[in-house]
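Numbering (my numbering), first residue to last: 617 to 803.
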């Protein structure tokens with residue numbers, strides 16, 4: 617397979633290759649939010665946690681949506697992706713209609729007053745991050761694929777099928793990879 621690193625940028629998906637078995641990233645789908653000469657940062661989209669936003673984050677007591685594990689770095693920090701950059705100051709547009717971050721107090725107000733719906737946001741604990749050169753080395757090892765992201769996928773609740781569907785969407789030989797068992801040696 618061709619090294620896909622050149623295709624990587626903010627707004628792209630980073631898909632764990634089928635042979636990446638490290639538990640933090642096994643069969644993960646990440647949205648890249650930052651990629652430059654200093655490093656890369658993204659959020660795991662298909663790792664919902666067992667508790668809700670209202671149970672973990674002050675100021676969001678009415679949000680019954682699941683909290684997501686964004687990655688293994690700084691798991692004591694909260695991040696969010698949303699579709700309302702028109703309402704939330706300091707948001708960064710990642711894809712058309714999809715934004716990262718912004719003013720947390722403003723977000724709380726918008727959600728608590730019903731101006732913004734919980735379905736328009738995803739909350740993450742921590743993030744996935746790489747220092748300069750680290751992600752390039754992982755690409756050279758064949759640990760990752762890239763794919764196009766969509767707002768629909770990012771807000772999807774089809775967590776268990778997200779990886780295989782995203783890999784399959786690449787077409788060709790990736791359709792076979794998407795159907796590979798998680799632990800081929802056990803078959």
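Note that the Cβ used here is the ideal one computed from N, Cα and C, for glycine as well.
Taking all protein chains shown into account, decide if residue i is buried (16 or more other Cβ within 10 angstroms of its Cβ) or exposed.
{"i": "residue 662", "result": "buried"}
{"i": "residue 786", "result": "buried"}
{"i": "residue 644", "result": "buried"}
{"i": "residue 629", "result": "buried"}
{"i": "residue 708", "result": "exposed"}
Apart from the five residues on each side of it in sequence, which residues of its chain come closer than 7 Å, Cβ to Cβ, to residue i?
{"i": "residue 683", "result": "665, 667, 668, 669, 672, 739, 741"}
{"i": "residue 767", "result": "699, 711, 713, 714"}
{"i": "residue 651", "result": "624, 625, 626"}
{"i": "residue 633", "result": "758, 759, 760, 761"}
{"i": "residue 728", "result": "678"}
Since residue i sits in a beta bridge, which residues does DSSP pair it with?
{"i": "residue 797", "result": "Paired residue(s): none; residue 797 is not in a bridge."}
{"i": "residue 792", "result": "Answer is none; residue 792 lacks a bridge partner."}
{"i": "residue 673", "result": "Beta-bridge pairing links residue 673 to no other residue."}
{"i": "residue 632", "result": "760"}
Look at the Cβ atom of residue i, then the Cβ atom of residue j, and state whether they are nearer than 8 Å.
{"i": "residue 748", "j": "residue 625", "result": "no"}
{"i": "residue 713", "j": "residue 724", "result": "no"}
{"i": "residue 719", "j": "residue 705", "result": "yes"}
{"i": "residue 889", "j": "residue 772", "result": "Since the first residue of the chain shown is 617 and the last is 803, residue 889 is not available in this structure."}
{"i": "residue 745", "j": "residue 675", "result": "no"}
{"i": "residue 659", "j": "residue 743", "result": "yes"}
Near residue i, which residues of its chain fall below 6 Å by C-beta distance, leaving aside the five closest residues on each side in sequence?
{"i": "residue 710", "result": "626, 627, 649, 716"}
Could you pull out every residue in the same chain whose Cβ sits closer than 8 Å to the Cβ of residue i, ignoring the five residues on either side in sequence?
{"i": "residue 788", "result": "none"}
{"i": "residue 635", "result": "758, 759"}
Segments of 4+ residues assigned as alpha helix (DSSP H) that fall wholly inside the region 683-770: 720-728, 750-756, 767-770
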